[in-house]
Each structure stands twice: as C-alpha cells, then as structure tokens.
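To start, the structure itself, in structure tokens.
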Amino acid sequence: MSYEIKVPALGESIVEATVARWLKRAGEAVAAGEAVVELETDKVNLEVASDQAGVIAAITKGEGDVVAVGDVLGSVSSGDAAVVAAPVAAPVATPAAAPVAAPTPTPDPRLPTPVTPVAHRVAAEHALDLSGVPGSGPGGRVTKEDVLK
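Residues 22 to 170 (my numbering) make up the sequence shown, in order.
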C-alpha cells in the first residue's frame, strides 16, 4: 500500500512554497510522524511529516521546486511493499567508495543577507540585483515582498 506525501495547508494567504530540502531519500525508512521534507515560504518554513511508517518509495518534487497546496511531493510504501521496496530502492555502497557529502549552497558574496528561493526567482524574472534590497523577513532575510517593493 502506498501513501502520498502532499503539501499541507500553509496558512491563510499562502498558496505556494519551495521545496527547501529532503530530510529522507528514496529507499530510506521513515516512521509515522517523522519529518521527511522541509518547505519554505515567504512567511513560514515548515517540515512535512509522513503520516505512515514505511519506506520513501518516490520523490516527485525536487529541492528548489515551487509547489502548491495539495501537490504530491512523494510517496511512502508501507506494509509488504515497504519490505520489498527497501532493498531495491536503497543505494548500494561499495567498500572502496568514499562517502559523498551533499553540496552545500554557496551564498552569493554580494548579498549581505540571506534570500528566500522565491525572492531569488522573482528577482531573476525581473533582472533585479538583490545586493541593495533590505530584508524584512526573519533574521533580515530578503522576501518576495521585499523584491517586489
């Protein structure tokens, strides 16, 4: 049996979010209630948890993708399907292979403050330089509204 991980209601006026990062990869086991993906909006960052225990069967939205409320982010296989899916989907490590670290995002040295992914996208669409845009978000983060102003 498979369960879909969907974008939850994000707030009264928020209709879209950006997939910030996946906390679990395809083939990894997940417990019921365990956070599997982080979403970021202009107003809130939240973790989406799996409602069921099982194995991450598929990831349909990658990091950086813009998603709407109700969009399917991925799926979790539970029951017998989880037992079968785990060995097939899990990556195989060879003894000679060195662990590969996930690339860390490199902040733009021209930017004095962090910028949300949505603000980056809006600035790119309008060909705006963000170095002079003051941030009004948490921790001085530049938000979509800051770019639009």
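Heads up, the beta-carbon is just placed ideally off N, CA and C, and yes, glycines get one too. What you are looking at is a predicted structure, and each value in this text was computed from that prediction instead of being measured.
K170 classed as buried or exposed, judged by whether at least 16 other C-beta atoms fall within 10 angstroms: exposed
Top-ranked residue by Cα proximity to G75, from K64, E68 and R46: When each option's Cα is compared against that of G75, the closest is R46.
Close Cβ partners of P135 (< 6 Å) along its chain, the five nearest in sequence each way excluded: Here the set comprises R162.
N-terminal and C-terminal residue of the beta strand (DSSP E) that V76 is part of: G75 to I80
Exposure of P29, with buried meaning 16 or more beta-carbon neighbours within 10 Å: So P29 ends up on the exposed side.
Identity of the residues DSSP links to T164 by a beta bridge: None; T164 has no bridge partner.
Buried or exposed by the 16-neighbour rule on C-beta atoms within 10 Å, applied to V69: buried
First and last residue of the uninterrupted alpha helix (DSSP H) at R142: Note, R142: alpha helix (DSSP H), P138 to E146.
Helix, strand or coil at L67 according to DSSP, with G and I counted as helix: strand
Neighbourhood of A106 by C-beta distance below 6 Å, restricted to the same chain and skipping five residues each side: Model confidence at A106 stands at a pLDDT of 39, short of 50, so the residue's coordinates are unreliable; what they give is reported in the following sentence. Result list for A106: V76, A78 and S98, in chain order.
Cα-Cα separation, V93 to A144: When rounded, the separation of the alpha-carbon atoms in V93 and A144 is 27 Å.
Identity of the residue in V36, K82, E33 and S34 nearest V57 by Cα: K82
Contact set for S157: own chain, Cβ-Cβ below 6 Å, skip 5 residues either direction: D167
Range covered by the beta strand (DSSP E) that runs through T39: E37 to W43
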